[in-house]
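>
Chains as they are written, first to last, in the working numbering: chain A, 17 to 158; chain B, 2 to 79; chain C, 6 to 102.
#1: Per DSSP, what kind of secondary structure is residue 29(C) in: helix, strand or coil?
#2: For residue 122(A), collect the residues of the same chain with a Cβ closer than 8 Å to its Cβ; drop the 5 residues on either side in sequence, then sort them by chain order.
#3: Going along the region 128–146 of chain A in order, which residues come within less than 7 Å of chain C, judged by CB to CB distance?
#4: So, for residue 87(C): in the same chain, excluding its five sequence neighbours on each side, which residues have a beta-carbon less than 7 Å away from its beta-carbon?
#5: Taking C-alpha atoms, which residue in 151(A), 92(A) and 118(A) lies nearest to residue 127(A)?
#6: Can you list the residues of chain B that residue 95(C) reaches, using a CB-CB cut of under 7 Å?
#7: Closest Cβ-Cβ distance between residue 44(C) and chain B: below 9 Å?
#8: I'd like to know whether the C-beta of residue 84(C) is nearer than 9 Å to at least one C-beta of chain B.
#9: Excluding sequence positions up to five away, which residues of its chain have a Cβ less than 6 Å from the Cβ of residue 120(A)?
#10: According to the Cβ coordinates, are residue 26(C) and residue 55(C) closer than 9 Å?
#11: Look up residue 14(B) in the DSSP assignment and say whether it is helix, strand or coil.
#12: CB-CB under 8 Å to residue 78(A), same chain, minus the five flanking residues each way: which ones, in chain order?
#13: Output the distance between the C-alpha atoms of residue 16(C) and residue 45(B), rounded to the nearest integer angstrom.
#14: Could you work out which residues of chain B lie near residue 67(C), taking near to mean beta carbons separated by less than 8 Å?
#15: Just grab the DSSP bridge partners of residue 89(A) for me.
#16: By Cβ distance below 6 Å, which residues in the same chain neighbour residue 82(A) in space, the five residues on each side in sequence not counted?
#17: With H, G and I counted as helix, E and B as strand and the rest as coil, what does DSSP make of residue 46(A)?
#18: Along the chain, where does the beta strand (DSSP E) that runs through residue 144(A) open and close?
#19: At the 9 Å Cβ level, is residue 27(C) part of the contact set with chain B, yes or no?
#20: In chain A, what lies closer than 7 Å to residue 56(C) by C-beta?
#21: Name the two residues that bound the continuous beta strand (DSSP E) containing residue 86(C).
#22: Taking only the alpha-carbon atoms, compute the straight-line gap between residue 9(B) and residue 68(C) and give it to the nearest angstrom.
#23: Given that residue 53(B) touches chain C, what residues does it touch there, using C-beta distances under 7 Å?
#24: Report buried or exposed for residue 34(C), applying the criterion of at least 16 other Cβ atoms within 10 angstroms of its Cβ.
#25: What are the start and end residues of each continuous beta strand (DSSP E) run of 3 or more residues lying completely inside the region 71–117 of chain A, in chain order?
#26: Quick one: using the 10 Å Cβ neighbour count with 16 as the cut-off for buried, is residue 83(C) buried or exposed?
#27: With residue 67(B) as the anchor, note down where its beta strand (DSSP E) starts and where it stops.
#28: Would you kindly check if the distance between the Cβ of residue 42(B) and the Cβ of residue 76(B) is under 9 Å?
#29: So, is the C-beta of residue 99(A) closer than 9 Å to a C-beta in chain D?
#30: For residue 100(A), is the classification buried or exposed, using 16 other Cβ atoms within 10 angstroms of its Cβ as the cut-off for buried?
#31: Which residues bound the beta strand (DSSP E) around residue 153(A)?
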């Protein structure tokens, strides 16, 4: 980790000094550094652990979560299960009814019950715990 | 579409009249000539409506029409 | 640091011992039952679930198609329908409560 950050700092210094000097003199030198940096960033990318969820959903199990979906749906339910793809099982799910003319506007006091629901992971936008959060503003329907 | 469920269904409805709806709401009704694993569809003798076949006829495809699979919402028996 | 690792391993052990509820299992168990399917858009379907594939493309039977909060019915479909899994957002076993 240490030598890598050292060399990247070096290469940025080089590129700065390149700007103040004639391009032709430094050209071969700078391309060498760039390719090296490129190689290192590739290597770093492969070191990132894969297939690990970045958030541990087990800590939300049996507690209320708020889930936003692609397309504008918003549901709240008790997290009962989940899988690697972030498909979710929610119980006692409620969905906020949206403005029929604008599906991206949700209405504060209009909900409907969905019961036990499976949420597809590929349309999930955000997931957050309900406890410890509060509504700052939501459109009232009237 | 590697799994058996949808391929079984697809092979069983070839040659039959179907409704095909796109995400946009366009509805095509005709005889299912062919279909692939991407849900690309070929219909013959098709009609085009919006949302519902009771809505006005928008177009007639007397020969054949190809529908892109990525845009297909559902394929339903009539 | 050690104690932190201990608590982590304990918590993962306890969750492992609980019977896990897997979303795709819930869907599988709903086969031959009514299901309520909500798409990303304001479109919804209710019908009997016949089968599901790996992409969660769904085959349903004797389907009613709704739009906008289930108030305006769009179409009744007799027979089977292959619904693309692409735009499915929520699947609710048991149909509409």
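Beta carbons are placed, not taken as given, at the ideal position from N, Cα and C, and that holds for glycine.
Working from what's here:
#1: Taking the first residue of the third chain as position 1, residue 29(C) is located at position 24. In this structure, DSSP gives residue 29(C) a helical state, which the three-state scheme calls helix.
#2: One-based indexing of the first chain puts residue 122(A) at position 106. 88, 90, 112, 113, 114, 115, 154 and 155, listed in sequence order.
#3: Residues of the region 128–146 of chain A that bring their beta carbon within less than 7 Å of a beta carbon in chain C comprise 129, 130, 131, 132, 133, 134, 135, 136 and 139, in sequence order.
#4: Position 82 of the third chain, counted from the start, is the residue given in the question as residue 87(C). Excluding residues within five positions, the ones whose Cβ falls inside 7 Å are 62 and 64.
#5: Numbered from 1 along the first chain, position 111 holds the residue referred to as residue 127(A). Of the candidates 151(A), 92(A) and 118(A), the one whose C-alpha sits nearest the C-alpha of residue 127(A) is 92(A).
#6: Taking the third chain and counting its residues from 1, one reaches residue 95(C) at position 90. Result: empty, since nearest Cβ-Cβ is about 16 Å, beyond 7 Å.
#7: For the purposes of this step, residue 44(C) is taken as residue 39 along the third chain, with counting starting at 1. Chain B contact via Cβ: present.
#8: Mapped onto the third chain, residue 84(C) falls at position 79. The beta carbon of residue 84(C) sits closer than 9 Å to some beta carbon of chain B.
#9: Mapped onto the first chain, residue 120(A) falls at position 104. Excluding residues within five positions, the ones whose Cβ falls inside 6 Å are 88.
#10: Locating residue 26(C) in the third chain gives position 21, counting from the first residue. Locating residue 55(C) in the third chain gives position 50, counting from the first residue. Taking 9 Å as the Cβ cut-off, residue 26(C) and residue 55(C) do not qualify as a contacting pair.
#11: As a working mapping, residue 14(B) is identified with position 13 in the second chain. Look at residue 14(B) here: in three-state DSSP terms it is helix.
#12: Walking along the first chain from the start, residue 78(A) turns up at place 62. The beta carbon of residue 78(A) is closer than 8 Å to those of 94, 95 and 96 in its chain, skipping five residues each way along the sequence.
#13: By one-based count along the third chain, residue 16(C) stands at place 11. By one-based count along the second chain, residue 45(B) stands at place 44. No answer about residue 16(C) holds up, because its pLDDT of 43 lies below 50 and its placement is not dependable.
#14: Translated into positions along the third chain, residue 67(C) becomes position 62. Taking a Cβ-Cβ cut-off of 8 Å, residue 67(C) has no neighbours in chain B, whose nearest Cβ is about 10 Å from it.
#15: Counting from 1 along the first chain, the entry for residue 89(A) is found at position 73. In DSSP, residue 89(A) forms no bridge with anything.
#16: For the purposes of this step, residue 82(A) is taken as residue 66 along the first chain, with counting starting at 1. Answer for residue 82(A): 92, 144 and 146, listed in chain order.
#17: Counted from its first residue, the first chain places residue 46(A) at position 30. Summary for residue 46(A): the model assigns pLDDT 47, below 50, so the residue's position carries little reliability, and this model does not support an answer.
#18: By 1-based counting over the first chain, the position of residue 144(A) is 128. Residue 144(A) -> beta strand (DSSP E) spans 140–145.
#19: Locating residue 27(C) in the third chain gives position 22, counting from the first residue. Put simply, the CB of residue 27(C) is far from chain B, with every gap to its CB atoms at 9 Å or more.
#20: The residue labelled residue 56(C) in the question sits at position 51 within the third chain. Neighbours of residue 56(C) on chain A: none; closest Cβ ~15 Å, over 7 Å.
#21: Walking along the third chain from the start, residue 86(C) turns up at place 81. DSSP places residue 86(C) in the uninterrupted beta strand (DSSP E) bounded by 77–88.
#22: Sequence index remark: in the second chain, residue 9(B) carries index 8 (1-based). Sequence index remark: in the third chain, residue 68(C) carries index 63 (1-based). Distance from the CA of residue 9(B) to the CA of residue 68(C), rounded to the nearest whole angstrom, comes to 19 Å.
#23: Looking up residue 53(B) in the second chain gives position 52. Under the 7 Å cutoff, chain C gives 79 and 80.
#24: Here the question's residue 34(C) lines up with position 29 in the third chain. Exposed, since its Cβ has fewer than 16 Cβ neighbours within 10 Å.
#25: Runs found: 80–85, 90–98 and 104–115.
#26: Within the third chain, residue 83(C) is the residue found at index 78, counting from 1. By the neighbour-count criterion, in which a residue is buried when 16 or more other Cβ atoms sit within 10 angstroms of its Cβ, residue 83(C) is exposed.
#27: Along the second chain, one-based indexing puts residue 67(B) at 66. Note, residue 67(B): beta strand (DSSP E), 60–68.
#28: Taking the first residue of the second chain as 1, we reach residue 76(B) at position 75. Taking the first residue of the second chain as 1, we reach residue 42(B) at position 41. In this structure, residue 76(B) sits near residue 42(B), with a CB-CB distance shorter than 9 Å.
#29: Here chain D cannot be found, since the structure's protein chains are A, B and C.
#30: What you label residue 100(A) is simply residue 84 of the first chain in a count that begins at 1. Residue 100(A) comes out exposed.
#31: For this step, residue 153(A) is matched to residue 137 along the first chain. Run containing residue 153(A): none; DSSP gives neither H nor E here.
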